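Have a look at the structure below before the remarks.
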Amino acid sequence: MTLLVGIAGIGLLGPGLAGWAQAAPVLAGQAPYAPAPLTPPAPTLLPPTERRRTGPSVRLALAVAAEAVQDSGAPPEELDTVFASSNGEGQVITSILEALHTPDGAISPTQFHNSVHNAAAGYWGIAVGSSRPSVSLGGYDGVFATGLLHAAAQVVAGGEKVLFVAHDVPLPPPLGALRPTSESFALALVLAPGGARRGALRIEPCELPAPAAPTLPPGLGTLHDGNPVARALPLLSALAAGRHGGMLLPMLDDASLSVTVLG
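Structure representation (structure tokens):
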């Protein structure tokens, strides 16, 4: 199965990577990488009541989704969406587990509402007034490639643009000791049939494992290893540099996703 898709828009947030315009020279190796603390911005697209309920992972997802859609020029309410996260909203899950450990075991209905894996997708639908179909996926350390494959297949099958959002933040203790994630990172791509202004990709599953230490500009290797969504950095680096060619991105069970940036 070979899939051909274009990239119509990109959104990105990570430590020292404050949006695609600022991050592109760093990812291309044309500017030094300077890590900086990342605080997920408040989702201004949401009404104040809903805004206060969001956790850091949802906030990060909505921020990059909004950037990618604005970059693409596509009406946000007309896009199908694919959201992918390895950890989900870990802060909320931790709070629920702590509440269950108390004598009365009472759980906040709001926290339960925000604990589901499609919370980010739901808040995005509220923010932009969309009732379009949406899929929310996991995928452990292969979460980015898993989500990209699903989103690309959806573009090819449906012949329409799809918003793909991948997002993960560190888990608080004690869960963080079991699933270490050192940094927050999120990426959104508006994928389109055929070619598009940000480039084109050829995507196909591969039985070979992805390299454990891909070549990246100085300093980005730690980020790559510290967040499962940041396994997308080799692709982002190639797009930023205008570098054509192929790479393998990790999926589960030592498989990978072959992604080729086309001219």
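Note that this note's numbering has the sequence shown beginning at 818, numbered continuously upward.
We put the beta carbon where it would ideally sit given N, CA and C, even for glycine.
Computed from a predicted structure; not experimentally measured.
With a threshold of 16 other beta carbon atoms within 10 Å, residue 957 falls short and is exposed.
Residue 960 is not a Cβ neighbour of residue 936, given a cutoff of 8 Å. For a cut-off of 8 Å, the C-beta gap from residue 882 to residue 828 is around 6 Å, short enough to register as a contact. Setting aside the 5 residues that flank it on each side, residue 950 is surrounded in the same chain by 897, each with a C-beta closer than 6 Å to its C-beta; the list follows chain order.
With distances taken between CA atoms, residue 875 lies nearest to 902 out of 841, 851, 902, 1070. The stretch 884–894 makes contact with the stretch 819–838; the number of CB pairs closer than 8 Å reaches 3 or more.
In this structure, residue 855 lies away from residue 911, with their beta-carbon atoms at least 8 Å apart. Each residue's CA atom was taken as its position, placing residue 994 and residue 1011 some 43 Å apart.
Beta-carbon to beta-carbon, residue 873 and residue 986 are separated by about 5 Å, close enough to satisfy the 8 Å threshold. Here residue 906 carries a coil assignment [DSSP, helix/strand/coil]. Taking the Cα of residue 978 as reference, the smallest distance to any Cα among 1044, 1013, 1003, 869 is reached at 1013. Taking the Cα of residue 989 as reference, the smallest distance to any Cα among 1061, 1000, 1054 is reached at 1000. Per DSSP, reduced to three states, the secondary structure at residue 894 is helical. For residue 1064, the closest of 1031, 1044, 1035 by C-alpha to C-alpha distance is 1031.
Looking at the DSSP output, residue 1019 shares a beta bridge with 821, 1077. In the structure shown, residue 826 adopts extended strand secondary structure according to DSSP, grouped into three states.
Here residue 840 has 829, 834 as same chain residues with Cβ atoms under 7 Å from its own Cβ, once five neighbours each way along the sequence are excluded. Burial check for residue 925: the Cβ neighbour count within 10 Å stays below 16, so the residue is exposed. With contacts defined as CB atoms closer than 8 Å, residue 971 and residue 1076 fail to qualify as a contacting pair.
Remark: C-beta atoms of residue 1008 and residue 969 approach each other more closely than 8 Å.
Annotation for residue 1061: no alpha helix (DSSP H) segment contains it, and DSSP assigns it neither H nor E. DSSP, read as helix, strand or coil, puts residue 959 in helix.
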